[in-house]
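Comments concern the structure below.
Protein chains in written order, with the working numbering: chain Y, 1 to 288; chain E, 1 to 332.
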């Protein structure tokens, strides 16, 4: 039998090991954020938001360059992806939660999880074959489709759990006053689950907005602004994560610092979505 | 029967059919739309496998399923000979080692958050851990390129390399050139990135351990650690296992940070510090430059193999999650 003293010491030792491990996990995150903020802030300036990138010589000669085309491209591609993903994701979520007995549901659930677990790069290859090959050109639309593939399974899953969290009595009340089932879903269950739905969409959006791999083969990248706004849809388009990657692996130190600036914009955007989703969930728990 | 009564029943007669259409047809249409949208996801998943297989079929015919899997040459320039073994090897080694490194810290974070920390601190820890999953992998990649890799080269790789150069020259080929970008750097970054998945599922599982279980152990005079070790962790092992497998799946599929840090070398043998490659990283690096259709097809076939690998890992995680009935994944 081990002595009490030994056991108490072991208790303290394990406690410190566990706490140190936790700090070791969280420390790199803090370091990364601090580095991105420090490098990014010194690299960011007004031109960053007003000029297009152009050729490398432009940055080397010190002429004003920026990523305005990238930021606009990101907004267009991301929201196009959202418009494609939300109906499918919400629809699948409704199917899983409101028609629990449907024969396709077990398959749907497995396939949705499979799709969610698939590396994003494969979704890029899929969108390449589906859109880029028939169209014959890389395009913002293809990028949006690839990002929609990233968003769909996340939105479907969060929608399902948001709708499931609404008590059945609410649906029964709706049916009891004579509402048809579709009205019950659309006018009572979905409004009640609104916060959950928005949270899910935010999470999916933030996740997709940070993905670069699927965009490399679909929206490809572009150093210049398109001639008109249709160019954001039908021509190769720059997006922040993919541009960040190209800048970081480029051989020019001027582009490296622009990469840091892109990193801080991207990180800020993702953190805003993340915090937004957090605040929404917290509010939901408070009202309950 | 007076006029007004007649009117009312007539009205009812007229209204009833429209009402039924509103109910019956509305329900039908709604359900059809919803089921169509749901089936779209099923079709997407099958379509992905089908497309990757179809596009890779040229390489599959050329080399055969197992020969492509075990082929050691990847030469898109001269011989047009393709084999995926170096990349499969790179993927498995980096992911499994990353999982091994991250497993204990990931569980530790979950234990601290669930058992040790007060409510407010545990909230902060949870949010920070999930933030790790939310940080885009290109952002971690750029940090790795400009901060971590140079630091690792100067502080870790060079001293070890110098030491080996003097004392154990036999080790040098195993260590590889200490340029900073290579297997070890990529694995370290990977191990950080996959922690949130294990932590989330482990914490879920720990929180579902019944209070009585803990109280019983305390009543027997167990110390805090003994309660965790004997009463909590064994009970939560299903969640830990599922989380670990989910993390492995993420590590296998992680693309950008690895592609930016692993150094990209297409031929075996890989060395500890030296450059390597993984299946996603080779796709990222070569797909945009591939001109030969056989090269393109081989990259697609790697994608198909990656699909199978990710599918197996995810199904295993799903099976364990269901078996131990864990409330799956706060992290999405």
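Even glycine gets a Cβ: it sits at the ideal position worked out from N, Cα and C.
Remember, predicted model here, so these are calculated numbers, not experimental data.
Would you mind stating whether residue 228/Y and residue 157/Y have Cβ atoms separated by less than 8 Å? As a first step, residue 228/Y is located in the first chain; it is residue number 228 there, counting from the start. As a first step, residue 157/Y is located in the first chain; it is residue number 157 there, counting from the start. No.
Ordered along the chain, which non-local residues of its own chain (more than five positions away) have a Cβ less than 7 Å from that of residue 138/Y? Mapped onto the first chain, residue 138/Y falls at position 138. Taken in chain order, the residues that qualify are 132, 218, 219, 220 and 236.
Spatial neighbours of residue 94/E within its chain, please: CB distance less than 8 Å, with the 5 preceding and 5 following residues excluded, ordered by chain position. Translated into positions along the second chain, residue 94/E becomes position 94. 183, 186, 187, 190, 251, 258, 262, 276 and 278, listed in sequence order.
Enumerate in chain order the residues of its own chain whose CB-to-CB distance from residue 306/E is below 6 Å, with the five nearest sequence positions on each side excluded. Numbered from 1 along the second chain, position 306 holds the residue referred to as residue 306/E. So the qualifying residues of the chain are 279.
Report yes or no: is there a C-beta of chain E within less than 8 Å of the C-beta of residue 88/Y? On the first chain, position 88 is the one that residue 88/Y refers to. Judged by the 8 Å Cβ criterion, residue 88/Y is in contact with chain E.
Between the C-alpha atoms of residue 246/E and residue 194/E, what's the straight-line distance to the nearest angstrom? The count along the second chain starts at 1 and reaches residue 246/E at position 246. The count along the second chain starts at 1 and reaches residue 194/E at position 194. Residue 246/E and residue 194/E: Cα-Cα distance of roughly 9 Å.
Could you pull the start and end residues of the alpha helix (DSSP H) that residue 246/Y belongs to? Here the question's residue 246/Y lines up with position 246 in the first chain. Residue 246/Y -> alpha helix (DSSP H) spans 240 to 249.
Alpha helix (DSSP H) runs wholly inside the region 196 to 280 of chain E, at least 4 long, in chain order: 211 to 219, 237 to 253 and 256 to 261
Taking its Cβ as the centre, do 16 or more other Cβ atoms sit within 10 Å of residue 108/Y, making it buried, or is it exposed? Indexing the first chain from 1 puts residue 108/Y at position 108. With 16 or more other Cβ atoms within 10 Å, it is buried.
Contacting positions in the region 240 to 260 of chain E - beta carbon closer than 9 Å to chain Y: 246, 249, 250, 252, 253, 254, 255, 256, 259 and 260
Name the two residues that bound the continuous alpha helix (DSSP H) containing residue 140/Y. As a working note, residue 140/Y is residue 140 in the first chain. 140 to 164 is the span of the alpha helix (DSSP H), which, as asked, contains residue 140/Y.
Just verifying my parser: in three-state terms, what is the DSSP assignment at residue 217/Y? Stepping through the first chain from its first residue, residue 217/Y is reached at position 217. In the structure shown, residue 217/Y sits in coil (DSSP, three-state: anything other than H, G, I, E or B).
Can at least three beta-carbon pairs, one atom from the region 220 to 228 of chain E and one from the region 53 to 70 of chain Y, be found at a separation below 8 Å? no
Less than 8 Å between the CB atoms is what I'm expecting for residue 60/E and residue 66/E, so what's the real figure, rounded? Here residue 60/E is taken as the residue at index 60 of the second chain, counted from 1. Here residue 66/E is taken as the residue at index 66 of the second chain, counted from 1. Between residue 66/E and residue 60/E the Cβ distance is about 11 Å, and since that is not below 8 Å, they are no contact.
Do residue 248/Y and residue 142/E have their C-beta atoms within less than 8 Å of each other? Start at 1 with the first residue of the first chain, and residue 248/Y comes out as number 248. Start at 1 with the first residue of the second chain, and residue 142/E comes out as number 142. Contact: yes.
For chain E, is any of its Cβ atoms less than 8 Å away from the one on residue 69/Y? Sequence index remark: in the first chain, residue 69/Y carries index 69 (1-based). No, its Cβ sits nowhere closer than 8 Å to a Cβ of chain E.
DSSP on residue 101/Y, reduced to helix/strand/coil? On the first chain, residue 101/Y is found 101 positions in, with the first residue counted as 1. Residue 101/Y: coil per DSSP, three-state reduction.
Residue 154/E, enclosing alpha helix (DSSP H) - first and last residue: On the second chain, residue 154/E is found 154 positions in, with the first residue counted as 1. Residue 154/E -> no alpha helix (DSSP H), and no H or E assigned at all.
Any beta carbon of chain E sitting closer than 8 Å to that of residue 21/Y? Here residue 21/Y corresponds to residue number 21 of the first chain, with the count starting at 1. Yes, residue 21/Y lies at the interface with chain E (some Cβ there is under 8 Å from its Cβ).
What are the boundary residues of the alpha helix (DSSP H) that includes residue 13/Y? The residue labelled residue 13/Y in the question sits at position 13 within the first chain. Looking at the DSSP string, the run of the alpha helix (DSSP H) that includes residue 13/Y is 4 to 43.
Anyone know if the C-beta pair for residue 151/Y and residue 205/Y falls short of 8 Å? The residue given as residue 151/Y occupies position 151 in the first chain. The residue given as residue 205/Y occupies position 205 in the first chain. Result yes, Cβ atoms of residue 151/Y and residue 205/Y sit closer than 8 Å.
Looking at residue 93/Y and residue 160/Y, is the spacing between their C-beta atoms short of 8 Å? Indexing the first chain from 1 puts residue 160/Y at position 160. Indexing the first chain from 1 puts residue 93/Y at position 93. Yes, the Cβ-Cβ distance between residue 160/Y and residue 93/Y is below 8 Å.
Below 9 Å between beta carbons is the criterion; list the residues of the region 77 to 104 of chain Y that meet it against any residue of chain E, in chain order. 87, 88, 89, 90, 91, 92, 93, 94, 95, 96, 98, 99, 102 and 104
Using a threshold of 8 Å, state whether the C-beta atoms of residue 267/Y and residue 34/Y are closer than that. Sequence index remark: in the first chain, residue 267/Y carries index 267 (1-based). Sequence index remark: in the first chain, residue 34/Y carries index 34 (1-based). Against a cut-off of 8 Å, the Cβ pair of residue 34/Y and residue 267/Y comes out as no contact.
To which residues of the same chain is residue 41/Y closer than 8 Å at the C-beta, ignoring the five residues directly before and after it? Numbered from 1 along the first chain, position 41 holds the residue referred to as residue 41/Y. 264.
In the region 114 to 128 of chain Y, which residues sit with their C-beta less than 9 Å from some C-beta in chain C, listed in chain order? You won't find chain C in this structure, because its protein chains are Y and E.
Helix, strand or coil at residue 68/Y [DSSP, three-state]: Translated into positions along the first chain, residue 68/Y becomes position 68. Correct three-state label for residue 68/Y: helix.
Excluding the five sequence neighbours on either side, which residues of its own chain have a C-beta within less than 6 Å of the C-beta of residue 90/Y, listed in chain order? Position 90 of the first chain, counted from the first residue, corresponds to residue 90/Y. These residues qualify, in order along the chain: 159.
Based on DSSP bridge pairs, tell me the residues matched to residue 30/E. Numbered from its first residue, the second chain carries residue 30/E at position 30. DSSP output for residue 30/E lists no bridge partner at all.
In angstroms, rounded to a whole number, what distance separates the CA positions of residue 199/Y and residue 125/E? For the purposes of this step, residue 199/Y is taken as residue 199 along the first chain, with counting starting at 1. For the purposes of this step, residue 125/E is taken as residue 125 along the second chain, with counting starting at 1. Rounded to whole angstroms, residue 199/Y to residue 125/E spans 20 Å at the Cα level.
DSSP three-state label for residue 61/Y, please. One-based indexing of the first chain puts residue 61/Y at position 61. The answer is coil: DSSP assigns residue 61/Y none of H, G, I, E or B.
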